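> Each residue of the sequence shown is one higher than the last, beginning at 72 in my numbering.
From the three backbone atoms N, C-alpha and C, an ideal C-beta is built for every residue, glycine too.
Predicted model only: the values in this text are computed from it and were never measured.
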Amino acid sequence: KMLRLVSRSVGRLHQLPLLRTAVSSSSSLVVPSRSFSGAADPLLGLSDQQREIYELASNFANENMAPHAEKWDQEEYLPTDVLRQLAGLGFGAIYAKDTYGGSGLSRVEAAVVFEALSTACVSTTAYLSIHNMCAWLIDTFGNDAQRAKYFPLLASAEHFASYCLTEPNSGSDSSSLATKAVRDGDHFVLNGSKAFISGAKESNVYLVMCRTGGPGPKGISCVLVEKGTPGLSFGRKEKKLGWNSQPTHMVNFTDCRVPVSNLIGNEGEGFKIAMKALDGGRVNIASCSVGGAHACLKHARDHLLVRKQFGKPLADNQYLQFKMADMATELTSARLMVRQAAKMIDDQDPNQTVYCSMAKRFATDTGFKVCNDALQMFGGYGYLKDYPIERYLRDVRVHQILEGTNEIMRLIIARTLFKD
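See below:
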């Protein structure tokens with residue numbers, strides 16, 4: 072049976088298989104037993120098409136991701152087979168145009184997908200969101216030859232992509248990056264290093280922000296480097312608190328020769344490209360926080376219904392009822408902010424950057440808080456790896472740091488408030 076999803080771009084019709092959830096009762100610790108209706112409903116405000124998309128992603132997540140997420144985390148395993156299945160559903164290039172295989176859906180629909188998938192595995196979904204950002208970047212700023220060569224392989228997830236902006240000495244101050252690309256005939260010669268790169272060593276394509284000109288943002292360009300290029304190497308695999316289902320390495324360039332034809336956009340446009348990508352990246356990662364928090368809220372609700380202390384279920388305790396009410400309210404607020412920011416990207420609103428910053432700051436802070444409050448409700452059990460709460464907590468914590476720290480988000484918001 073097929074689920075027909077009509078994209079908003081030129082009336083394209085997508086034929087996506089309708090996945091049915093078959094979760095056994097023995098997996099109750101992996102998939103919460105009941106969905107919410109009313110308060111904290113993830114379908115709130117969605118169109119019929121968007122509801123179908125959410126259910127498609129949610130069913131896939133429950134069946135193919137949730138039962139394995141704990142193992143992926145423990146074994147630090149990137150499930151490339153599952154990522155390719157997701158690409159088969161149209162989730163490899165969700166909001167890229169359909170010319171070379173993108174799904175042509177909206178940013179709101181992408182946020183819905185990432186939220187639904189993150190209820191099962193935040194880490195894997197976050198990597199998929201980065202891959203989507205890179206695919207969109209090539210589709211938007213690349214030329215026809217680059218799109219034809221690289222995009223179909225990314226849309227199908229036959230190849231994977233990594234975004235390379237951060238450096239060992241250039242984090243929040245990204246315009247000070249030091250990786251250089253010096254023109255030598257019909258090649259750029261790259262020297263430098265990138266830090267904290269998700270998917271490094273596994274990815275086939277690296278979108279590298281590097282300095283082709285003078286200091287400051289106008290001297291930065293975006294160059295595509297293929298895996299296997301001489302001079303491209305990787306540091307040791309980083310040992311992380313969370314996000315363990317995706318590898319993280321330093322990416323090094325030593326006299327790495329890259330064809331000038333791999334320049335994405337024009338010279339000097341790299342910083343603008345990077346910032347445009349980050350508006351969407353912030354919404355994507357905020358959606359992952361919302362999804363992880365939603366799962367923890369459901370786990371907490373189920374736990375309070377069955378756990379008894381002092382002769383009564385914890386769900387009868389008014390303090391915990393109030394706590395759950397606050398968690399649901401804040402989670403719903405975060406969800407709505409994220410979807411509004413996504414809509415502003417779709418509408419090309421001139422204020423999209425500040426609202427994406429607001430949504431990222433609020434949703435990632437709220438997501439961590441909801442996960443942490445849920446862990447507290449589990450008591451000592453929440454601290455055990457037998458239960459999934461601690462994994463969600465570890466995975467969402469980094470969202471307050473990456474795609475621009477939440478302190479930088481506040482700086483962006485404050486500058487807008489005081490701008491003449």
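Given a cut-off of 8 Å on the beta-carbon distance, is the pair residue 275 and residue 222 in contact?
no
> Any chance the segment 472-487 sits against the segment 368-380, with 3 or more Cβ pairs inside 8 Å?
no
> Round the Cβ separation of residue 469 and residue 364 to the nearest angstrom and send it over; I've been treating them as touching at under 8 Å.
The pair is not a contact, with the Cβ atoms about 14 Å apart (cut-off 8 Å).
> Does the structure place the segment 378-391 close enough to the segment 317-334 that three or more beta carbon pairs sit under 8 Å?
no
> Expressed to the nearest angstrom, what Euclidean distance is found between the alpha-carbon atoms of residue 262 and residue 322?
11 Å
> Mapping DSSP to helix, strand and coil, what is residue 419?
coil
> For residue 307, which three-state DSSP category applies?
Taken through DSSP and simplified to helix, strand or coil, residue 307 comes out as coil.
> Is it buried or exposed for residue 478, if we count other Cβ within 10 angstroms and need 16 for buried?
It counts as exposed.
> Once you ignore the five residues that flank residue 90 on each side, which residues in its own chain have a CB closer than 7 Å to its CB?
Model confidence at residue 90 stands at a pLDDT of 26, short of 50, so the residue's coordinates are unreliable and nothing is read from them.
> Roughly how many angstroms separate the alpha carbons of residue 149 and residue 491, rounded to a whole number?
Spanning the alpha carbons of residue 149 and residue 491 requires a straight line of approximately 47 Å.
> Let me know if residue 456 comes out buried or exposed under the rule of 16 or more other beta-carbons within 10 Å of its beta-carbon.
A residue is called buried once 16 or more other Cβ atoms fall within 10 Å of its Cβ, and residue 456, having fewer, is exposed.
> Along the alpha helix (DSSP H) that carries residue 199, what are the first and last residues, could you check?
193-212
> Helix, strand or coil: how does DSSP classify residue 317 here?
coil
> Between the alpha carbons of residue 401 and residue 426, how many angstroms are there, rounded?
If you take the alpha carbons of residue 401 and residue 426, they lie about 17 Å apart.
> In chain order, which alpha helix (DSSP H) runs of at least 4 residues are fully inside the segment 376-438?
389-417
> Spatial neighbours of residue 237 within its chain, please: C-beta separation below 6 Å, excluding the five flanking residues on both sides.
266 and 267
> Helix, strand or coil, according to DSSP, for residue 263 in the structure here?
strand
> Between the segment 295-305 and the segment 352-360, do at least 3 Cβ pairs fall closer than 8 Å?
no
> Hey, is the segment 281-292 in contact with the segment 302-312, meaning 3+ C-beta pairs nearer than 8 Å?
no
> Closest by CA to residue 432, which one among 272, 158, 281 and 359?
359
> At what residues does the alpha helix (DSSP H) containing residue 181 begin and finish?
178-189
> Closest by CA to residue 272, which one among 317, 207 and 312?
317
> Do you know offhand how far residue 193's Cα is from residue 340's?
32 Å
> Measure the C-alpha to C-alpha separation of residue 161 and residue 199 and round it to an integer number of angstroms.
12 Å
> Taking residue 183 as the reference, which of 219, 410 and 386 has the closest Cα?
Measuring from the Cα of residue 183, the nearest candidate turns out to be 410.
> Give me whichever residues DSSP pairs with residue 258 in a beta bridge.
Residue pairing from DSSP places residue 258 in a beta bridge opposite 255 and 330.
> Considering only DSSP beta bridges, list what residue 324 is partnered with.
Bridge pairing for residue 324: 263 and 303 [DSSP].
> Could you pull out every residue in the same chain whose Cβ sits closer than 6 Å to the Cβ of residue 228, ignoring the five residues on either side in sequence?
154, 155, 158 and 163
> Who pairs with residue 232 in a beta bridge, going by DSSP?
Beta bridge pairing from DSSP links residue 232 with 276.
> Roughly how many whole angstroms lie between the Cα atoms of residue 467 and residue 357?
9 Å
> Would you kindly report the start and end of the unbroken alpha helix (DSSP H) that includes residue 129?
The continuous alpha helix (DSSP H) containing residue 129 extends over residues 119-131.
> Answer with buried or exposed for residue 438, where buried requires no fewer than 16 other C-beta atoms within 10 angstroms of its C-beta.
buried
> Compare the Cα-Cα distances from residue 185 to each of 173, 171 and 166 and report the closest residue.
166
> Cβ atoms of residue 191 and residue 252: under 8 Å apart, would you say?
no
> Cα-Cα, which of 196, 197, 195 and 225 is closest to residue 209?
225
> Mind checking which residues open and close the alpha helix (DSSP H) that includes residue 484?
Per DSSP, residue 484 belongs to the alpha helix (DSSP H) from 477-488.
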